[in-house]
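Q: Got a structure for you, questions after.
There are 2 protein chains.
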Amino acid sequence: MKDLSRRQQAILDYIEHFLDENDYPPTIRDIQTELAISSTSVVDYNLKALENRGHIRRNSKISRGIELVNRSSGRRNVVAIPVIGQIAAGSPIPVPGDLEGSDVTETVEMGPDQLRGSGQGLFALRVKGQSMIDAFIDDGDVVVLKQQETCENGETVAVWLKDERETTLKKFYLEGDRVRLQPANSTMQPIYTPAENVEIQGRLVGVVRSYA
Amino acid sequence: MKDLSRRQQAILDYIEHFLDENDYPPTIRDIQTELAISSTSVVDYNLKALENRGHIRRNSKISRGIELVNRSSGRRNVVAIPVIGQIAAGSPIPVPGDLEGSDVTETVEMGPDQLRGSGQGLFALRVKGQSMIDAFIDDGDVVVLKQQETCENGETVAVWLKDERETTLKKFYLEGDRVRLQPANSTMQPIYTPAENVEIQGRLVGVVRSYA
DNA sequence: TATTGACACGAACATGTGTTCTCTCCTATC
DNA sequence: GATAGGAGAGAACACATGTTCGTGTCAATA
């Protein structure tokens, strides 16, 4: 791809910057004024060049019809996943339905690279305590789950153990009429429990940790 | 907050939908046509009502100057952080300058909840091997770093140990003329090394793990 | 019944905004 | 020097788009 001229690069940067400030693209005359270009035709000329090189898309006749090619498609697929509660060993985990339209104050974002398939039915929980330390999930981490009641063998799922009254995050294997729950850390021993005792809450999709 | 009329709700929905399809807001006449409203003034009337109730923001005299209040501010702050390489114990980590304008194929997204302060100077690396397992960072995880050459005591940083020719992720404490590198896992012993031997590559900002 | 206010209509008006045409300036090339 | 092409200037044109004004309908209320 041929290099952009200094002016074309400046225009591209300005469009990006403008989009950060406002929620709509700039007009040709916005660009003209900002970059002190003498004529709208010059802006149009360079915009056409940018379009030919695939940096932007233009919608003719439509005011502010400039779209940034990478950003738009990339950004659109980012989903904001609500952190709807906490997950701790000794208590049931909240499920999305519990908190209908409640005041979710925190979200974690995930892009297409982190999400295989659709971003539907996702929710997140903040981990309390170190009960999942064997899966390298620390106190304070946020786990992202996909809501589902069943799973395939080998998937890591959040399960509620009825008898033990305990939540845990383990790899799930159905073996006959019992279930083997395998910790991520291979040095630890698996748990065996009757299939009736486990209730799948969701499949583990991701972990997000942030340091202050 | 007073309820919206059916028409106002429909307009709000349409604006949202339009923004998903295109990358610019609709015009008054777009709304008029879509919802089969007889006059632009009716749209204008209802838009004013929506603005008074805080659902949208309008920029007078500016075409397509409609912004959705909740969405815009939330979504705009998501930054896409490029995964520019790998980090392994025995090799220097790449720094952003190394790969100027290269073909970064993967990114991780982080929102304002995960990022304190500005999202500038961020880059990400995929962890190879289990050298950082003491910090609960597994093989395959992506670590997000903020580029900096200095740090405060107690911050977790990626450092290059010159003599050992090794990269490690530890809490940093300058004690006199030597440096104590403290593993996140408190059961492990700290490393002591001369200050000249350590080269700070960046501060650990976050960890993102995703399961297939 | 008369009044008021929310909501809607249609038509104009004024400006915002993309597009296009003609020139000019400069540089590279023969 | 002549020529061609990239880049830009300036102005005008045509249409897109926000704004406003006068009017009409309907339900609630005094």
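As you go down the protein sequences, you meet chains U and B in turn. So for the first sequence, numbering that gives the first Met the number 0 puts the first residue at 0; every next one is plus one. So for the second sequence, numbering that gives the first Met the number 0 puts the first residue at 0; every next one is plus one. Yeah, the Cβ is synthetic: ideal placement off N, Cα and C, and Gly gets one too.
Quick one: what's MET237 (chain U) bridged to in DSSP?
A: In this structure chain U extends from 0 to 211, so residue 237 (chain U) is not present and cannot be described.
Q: Would GLY128 (chain U) pass as an interface residue toward chain B - the criterion being a Cβ-Cβ separation below 7 angstroms?
A: If you number the first sequence from 1, residue 128 (chain U) lands on position 129. Output row for GLY128 (chain U): interface = no.
Q: Who are the Cβ neighbours of ALA134 (chain U) in its own chain at under 6 angstroms, not counting the five residues just before and after it?
A: Locating residue 134 (chain U) in the first sequence gives position 135, counting from the first residue. Cβ within range, chain order: LEU168 and ALA183.
Q: Can you give the Cα-Cα distance for ILE30 (chain B) and ILE55 (chain B), rounded to whole angstroms?
A: The residue you call residue 30 (chain B) lines up with position 31 of the second sequence. The residue you call residue 55 (chain B) lines up with position 56 of the second sequence. If I take the Cα positions, the gap works out to 14 angstroms.
Q: Tell me, which residues are paired with PHE122 (chain B) by DSSP?
A: The residue given as residue 122 (chain B) occupies position 123 in the second sequence. In DSSP, PHE122 (chain B) forms a bridge with B:LEU144.
Q: Any beta carbon of chain U sitting closer than 7 angstroms to that of GLY205 (chain B)?
A: Your numbering for residue 205 (chain B) matches position 206 in the second sequence. Yes, its Cβ sits closer than 7 angstroms to a Cβ of chain U.
Q: Taking only runs of the beta strand (DSSP E) that begin and end inside the stretch 129-198 of chain U, which ones reach a length of at least 3 residues, in chain order?
A: List check, beta strand (DSSP E) in window: 141-146, 155-160, 165-174, 177-181 and 190-193.
Q: Residues bridged to SER209 (chain B) by DSSP?
A: As a first step, residue 209 (chain B) is located in the second sequence; it is residue number 210 there, counting from the start. In the DSSP output, where bridge partners are listed per residue, SER209 (chain B) has U:GLY205.
Q: Could you please give me the residues that DSSP links to GLN85 (chain U) through a beta bridge?
A: Locating residue 85 (chain U) in the first sequence gives position 86, counting from the first residue. BP columns for GLN85 (chain U) point to U:ARG125.
Q: Give every residue of the same chain whose Cβ lies closer than 7 angstroms to the Cβ of GLN85 (chain B), excluding the five residues on either side of it in the sequence, and list them in chain order.
A: For this step, residue 85 (chain B) is matched to residue 86 along the second sequence. Cβ neighbours of GLN85 (chain B) beyond the five flanking positions: LEU124, ARG125 and LYS127.
Q: Can you list, in chain order, the residues of its chain with a C-beta nearer than 7 angstroms to that of ASN214 (chain U)? Leave out the 5 residues immediately preceding and following it.
A: With chain U represented from 0 up to 211, any question about residue 214 (chain U) goes unanswered, as that position is not in the structure.
Q: In this structure, does DSSP put ARG57 (chain U) in helix, strand or coil?
A: Residue numbering aside, residue 57 (chain U) sits at position 58 when the first sequence is read from its first letter. Correct three-state label for ARG57 (chain U): strand.
Q: Apart from the five residues just before and just after GLY118 (chain B), which ones in its own chain have a Cβ nearer than 6 angstroms to its Cβ?
A: Sequence index remark: in the second sequence, residue 118 (chain B) carries index 119 (1-based). Contacts found: VAL78.
Q: So LEU67 (chain U) is in the beta strand (DSSP E); what residue range does that whole segment cover?
A: Numbered from 1 along the first sequence, position 68 holds the residue referred to as residue 67 (chain U). 65-67 is the extent of the beta strand (DSSP E) around LEU67 (chain U).
Q: Which residues in chain B have a C-beta closer than 7 angstroms to the C-beta of GLU105 (chain U)? List them in chain order.
A: Locating residue 105 (chain U) in the first sequence gives position 106, counting from the first residue. Correct list: ASP112.
Q: What is the residue span of the alpha helix (DSSP H) that ASP12 (chain B) lies within?
A: Taking the second sequence and counting its residues from 1, one reaches residue 12 (chain B) at position 13. Note, ASP12 (chain B): alpha helix (DSSP H), 5-20.
Q: Between ILE10 (chain U) and LEU34 (chain U), what straight-line distance do the alpha-carbon atoms span, to the nearest angstrom?
A: As a first step, residue 10 (chain U) is located in the first sequence; it is residue number 11 there, counting from the start. As a first step, residue 34 (chain U) is located in the first sequence; it is residue number 35 there, counting from the start. Roughly 8 angstroms separates the two Cα atoms.
Q: In the DSSP assignment, find the unbroken alpha helix (DSSP H) run with TYR44 (chain B) in it and report its ends.
A: Here residue 44 (chain B) refers to the residue found at position 45 when the second sequence is read from its first residue. Its alpha helix (DSSP H) spans residues 39-51.
Q: Could you tell me which of U:ASP112, U:GLY116 and U:TYR210 sits nearest to VAL143 (chain B), measuring between CA atoms?
A: Walking along the second sequence from the start, residue 143 (chain B) turns up at place 144. Comparing Cα positions, the closest option is U:TYR210.
Q: Is VAL77 (chain U) close to chain B? Criterion is C-beta to C-beta, closer than 7 angstroms.
A: Residue 77 (chain U) sits at position 78 when you count from the first residue of the first sequence. Closer than 7 angstroms to some Cβ of chain B, the Cβ of VAL77 (chain U) qualifies, so yes.
Q: Just to check my reading of the structure: VAL107 (chain B) and VAL42 (chain B) have Cβ atoms closer than 8 angstroms, yes? What is that Cβ distance to the nearest angstrom?
A: Counted from its first residue, the second sequence places residue 107 (chain B) at position 108. Counted from its first residue, the second sequence places residue 42 (chain B) at position 43. So it is not a contact: roughly 40 angstroms between Cβ atoms.
Q: Flag ASP22 (chain U) as yes if its beta-carbon sits less than 7 angstroms from any beta-carbon of chain B, otherwise no.
A: The residue labelled residue 22 (chain U) in the question sits at position 23 within the first sequence. Taking Cβ atoms only, chain B reaches closer than 7 angstroms to ASP22 (chain U), which makes this a yes.
Q: Can you name the start and end residues of the alpha helix (DSSP H) that ILE30 (chain U) belongs to?
A: Mapped onto the first sequence, residue 30 (chain U) falls at position 31. Run containing ILE30 (chain U): 27-33, per the alpha helix (DSSP H) assignment.
Q: Hey, how far is the Cα of PRO193 (chain U) from the Cα of GLN181 (chain U)?
A: On the first sequence, residue 193 (chain U) is found 194 positions in, with the first residue counted as 1. On the first sequence, residue 181 (chain U) is found 182 positions in, with the first residue counted as 1. For PRO193 (chain U) and GLN181 (chain U), the distance between alpha carbons rounds to 14 angstroms.
Q: Report back the beta-carbon spacing between ASN250 (chain U) and ASP140 (chain U) to the nearest angstrom; my notes put them in contact at under 8 angstroms.
A: Because residue 250 (chain U) is not part of the residues shown, which for chain U are 0 to 211, the question remains open.
Q: Could you tell me whether any Cβ in chain U is nearer than 7 angstroms to the Cβ of PHE17 (chain B)?
A: Along the second sequence, read from residue 1 onward, the residue named residue 17 (chain B) stands at position 18. It does not: the Cβ of PHE17 (chain B) has no partner Cβ on chain U nearer than 7 angstroms.
Q: PHE135 (chain U) CB to nearest chain B CB: under 7 angstroms?
A: Working through the first sequence from its first residue, we reach residue 135 (chain U) at position 136. Chain B contact via Cβ: present.
Q: If you draw a straight line from the alpha carbon of GLY100 (chain U) to that of PHE122 (chain U), how long is it in whole angstroms?
A: Position 101 of the first sequence, counting from 1, holds the residue named residue 100 (chain U). Position 123 of the first sequence, counting from 1, holds the residue named residue 122 (chain U). Confidence at GLY100 (chain U) is low in this model, with a pLDDT of 49, below 50, so its placement is unreliable and no value can be given for it.
Q: Less than 7 angstroms separating the beta-carbons of GLY205 (chain B) and GLN147 (chain B)?
A: For this step, residue 205 (chain B) is matched to residue 206 along the second sequence. For this step, residue 147 (chain B) is matched to residue 148 along the second sequence. For GLY205 (chain B) and GLN147 (chain B), no; Cβs fall outside 7 angstroms.
Q: So which residues on chain U does SER62 (chain B) lean against when the C-beta distance must stay under 7 angstroms?
A: Here residue 62 (chain B) is taken as the residue at index 63 of the second sequence, counted from 1. Per Cβ cutoff of 7 angstroms: SER62 and ARG63.
Q: Just confirm the distance between the C-beta atoms of LEU67 (chain B) and GLU15 (chain B), as a whole number of angstroms; I'd bet it's less than 8 angstroms.
A: Taking the second sequence and counting its residues from 1, one reaches residue 67 (chain B) at position 68. Taking the second sequence and counting its residues from 1, one reaches residue 15 (chain B) at position 16. With a Cβ gap of about 6 angstroms, LEU67 (chain B) and GLU15 (chain B) count as contacting.
Q: On a CA-only basis, which of U:ARG202, U:SER37 and U:ARG57 is nearest GLU151 (chain U)? Give me that one, please.
A: Within the first sequence, the letter at position 152 stands for residue 151 (chain U). Residue U:ARG202 is the option with its Cα nearest to GLU151 (chain U).
Q: What distance in whole Å lies between the Cβ atoms of SER62 (chain B) and THR32 (chain B), which are believed to be in contact at a cut-off of 8 angstroms?
A: Working through the second sequence from its first residue, we reach residue 32 (chain B) at position 33. Working through the second sequence from its first residue, we reach residue 62 (chain B) at position 63. Their Cβ separation, rounded to whole angstroms, is 16 angstroms, which puts THR32 (chain B) and SER62 (chain B) out of contact at 8 angstroms.
Q: By a C-beta neighbour count over all protein chains shown, 10 Å radius and 16 as the cutoff for buried, is THR149 (chain U) buried or exposed?
A: Locating residue 149 (chain U) in the first sequence gives position 150, where the first residue counts as 1. Exposed is the call here.
Q: Can you pull the chain B neighbours of MET187 (chain U), defined as C-beta to C-beta under 7 angstroms?
A: Counting from 1 along the first sequence, the entry for residue 187 (chain U) is found at position 188. Those do not exist, as MET187 (chain U) stays about 14 angstroms from chain B at its closest Cβ, beyond 7 angstroms.
Q: With 16 as the cutoff for other CB atoms within 10 Å, does LEU46 (chain B) come out buried or exposed?
A: If you number the second sequence from 1, residue 46 (chain B) lands on position 47. When all chains shown are included, LEU46 (chain B) counts as buried.
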